[in-house]
Ligand code: PMP
Ligand code: GLU
């Protein structure tokens with residue numbers, strides 16, 4: 001069949017996280033016993049009190065098109081959440097609700113970036129950033145960080161990456177895939193550099209905000225001089241285990257919020273009505289209602305570090321948030337395992353899938369070719385079994 005795909009889509013890569021999850025599903029359907037540690041998706045059910053409010057919303061006939069930027073009372077709840085959790089004063093007209101944080105990120109890219117603008121991405125970065133930036137005809141500029149600096153970008157590295165074309169910096173903290181959390185002092189260091197470059201905007205992706213084991217999440221928008229140039233992205237997929245309900249949001253300068261609303265009005269319209277009603281309930285609840293999931297992730301992080309630490313060749317940092325470990329496995333490169341030549345992280349991830357029946361994701365997709373990403377959003381039993389299979393295979 002001839003291929004008439006646009007150049008735009010032909011140039012895109014497929015999301016590596018979703019592709020690996022699909023591959024694992026396919027192998028499972030063929031009867032293989034695959035343990036999936038590729039997808040960043042909590043394995044918990046949505047808490048009952050949130051489900052109840054969605055059921056109520058159906059009975060209350062929340063069935064019409066929603067306002068493009070989100071229900072007014074949801075935006076008020078988000079504004080209150082920003083104030084309560086982050087000490088940020090985003091007015092409702094600075095907030096846009098979207099169909100997942102992924103759409104929020106896409107909106108921002110389309111609204112802020114022009115052809116050839118540069119976007120600094122401290123690597124490793126979340127897999128979709130670079131393709132979203134490219135879809136907006138801008139240029140991702142990777143700043144390599146390694147395990148020695150806990151995968152965090154230093155102010156000097158930021159300074160060195162800035163050119164007259166730099167328009168934005170995008171990063172996540174807690175970070176997907178490294179689990180690293182920037183401290184207040186570290187963010188102040190980055191802000192100090194940005195002070196000298198007032199035309200650069202920052203996307204701060206805080207979707208793992210609550211899954212933070214050191215405590216004390218810091219938003220860069222709260223640092224002196226940063227509020228009017230930061231787009232704070234967040235959502236309910238991770239902390240509330242609501243991945244499939246597809247709600248994300250931004251707090252941003254008003255002109256950016258307006259642009260996102262204009263764009264969304266021509267693309268998806270307002271986000272799902274029932275899910276928005278349920279998110280009001282989720283965001284108004286005290287954090288104590290979701291603490292059990294965070295405690296469980298913390299326990300699993302410790303377990304995974306302990307078990308992987310027993311395998312020669314896995315070099316690990318101690319992730320302080322999110323639910324991933326990102327081991328450097330470059331010690332295996334150049335070796336042959338069970339007749340398979342391992343030359344890079346993609347070979348290694350594929351080897352683990354085929355010889356250990358464990359799905360992980362290659363670090364190449366995140367801008368770091370020495371590492372693989374392992375999601376520990378899985379049961380303790382699955383994690384123990386997966387790591388013992390990995391150990392046996394290497
Ligand atoms: N940012 C990061 C860092 C993520 O890991 C994810 C995971 N899906 C997203 C954004 C997108 O989340 P959502 O499900 O809200 O689209
Ligand atoms: N963000 C999750 C991950 O990194 C979900 C998959 C995706 O949206 O790409 O695995």
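In full-length UniProt numbering, the protein residues as written are 1 to 394.
All C-beta atoms in this analysis are idealised placements derived from N, C-alpha and C, irrespective of residue type, glycine included.
Item: Taking 7 Å as the cut-off, is the C-beta of residue 243 nearer than that to any heavy atom in the ligand PMP?; Value: yes
Item: Is there at least one non-hydrogen atom of the ligand GLU closer than 7 Å to the beta-carbon of residue 128?; Value: yes
Item: My output table needs one value for residue 71: the three-state DSSP class, helix, strand or coil.; Value: coil
Item: If you draw a straight line from the C-alpha of residue 74 to the C-alpha of residue 141, how long is it?; Value: 35 Å
Item: Do residue 215 and residue 322 come within 8 Å of each other at the CB atom, strictly closer than that value?; Value: no
Item: Report yes if the C-beta distance between residue 268 and residue 103 is below 8 Å; otherwise report no.; Value: yes
Item: Taking 8 Å as the threshold, find out whether the stretch 88 to 104 comes into contact with the stretch 65 to 73 through three or more Cβ pairs.; Value: yes
Item: Report yes if the CB atom of residue 37 is closer than 8 Å to the CB atom of residue 17, and no otherwise.; Value: no
Item: I'd like the ranges of any beta strand (DSSP E) spanning at least 3 consecutive residues and lying wholly in the stretch 183 to 241.; Value: 201 to 205 and 230 to 235
Item: Restricting to Cα atoms, I'd like to know which of 241, 177, 202 and 303 is closest to residue 187.; Value: 202
Item: For residue 183 versus residue 218, is the C-beta spacing smaller than 8 Å?; Value: yes
Item: Take residue 335 and list the residues in its own chain whose beta-carbon comes closer than 6 Å to its own, dropping the five residues that flank it on each side.; Value: 342
Item: Assuming residue 300 contacts residue 376 under a Cβ cut-off of 8 Å, what Cβ separation, rounded to an integer in Å, is found between them?; Value: 5 Å
Item: Counting Cβ pairs, one atom from each stretch, are 3 or more of them under 8 Å apart for the stretch 55 to 62 and the stretch 191 to 207?; Value: no
Item: Could you check whether residue 44 and residue 281 sit closer than 8 Å to each other, using their CB atoms as the reference points?; Value: no
Item: Which residues share a DSSP beta bridge with residue 120?; Value: 141 and 169
Item: Take residue 261 as the anchor and find which of 86, 346 and 112 has the nearest alpha-carbon.; Value: 112
Item: Between residue 40 and the ligand GLU, is there a pair consisting of the residue's CB and a ligand heavy atom that are separated by less than 7 Å?; Value: yes
Item: If distances are taken between C-alpha atoms only, which option among 348, 369 and 366 comes closest to residue 391?; Value: 348
Item: Taking residue 35 and residue 386 to be in contact with their CB atoms under 8 Å, please state how far apart those CB atoms are, rounded to whole angstroms.; Value: 4 Å
Item: Considering Cα atoms alone, identify which of 307, 99, 372 and 41 is closest to residue 293.; Value: 41
Item: Determine the direct distance from the alpha carbon of residue 388 to that of residue 118, and round the result to whole angstroms.; Value: 43 Å
Item: According to DSSP, simplified to helix, strand and coil, what is residue 281?; Value: helix
Item: I need the DSSP call for residue 98, collapsed to helix, strand or coil.; Value: strand
Item: Closer than 6 Å by C-beta to residue 137: which residues in its own chain qualify, once you throw out the five before and the five after it? Chain order, please.; Value: 115
Item: Quick check on the burial criterion: 16 or more other C-beta atoms within 10 angstroms. Buried or exposed for residue 277?; Value: buried
Item: Just the C-alpha distance for residue 265 and residue 255, rounded to the nearest angstrom, thanks.; Value: 15 Å
Item: Just curious, the alpha helix (DSSP H) that residue 292 is in, first and last residue?; Value: 291 to 309
Item: Does the beta carbon of residue 176 fall short of 7 Å from some heavy atom of the ligand GLU?; Value: yes
Item: Below 7 Å CB to CB, which residues in the same chain sit around residue 65 once its five sequence neighbours on both sides are set aside?; Value: 269 and 270
Item: Report the three-state DSSP secondary structure of residue 373 (helix, strand or coil).; Value: strand
Item: May I ask you to report which of helix, strand or coil DSSP gives residue 383?; Value: helix
Item: Can you tell which of 3, 279, 155 and 131 has the C-alpha that lies nearest to the C-alpha of residue 366?; Value: 131
Item: Just mark residue 5 as buried or exposed, buried being the case when its beta carbon has 16 or more other beta carbons within 10 Å.; Value: exposed
Item: Compute the beta-carbon to beta-carbon distance between residue 152 and residue 145, rounded to the nearest angstrom, for a pair I have assumed lies under 8 Å.; Value: 6 Å
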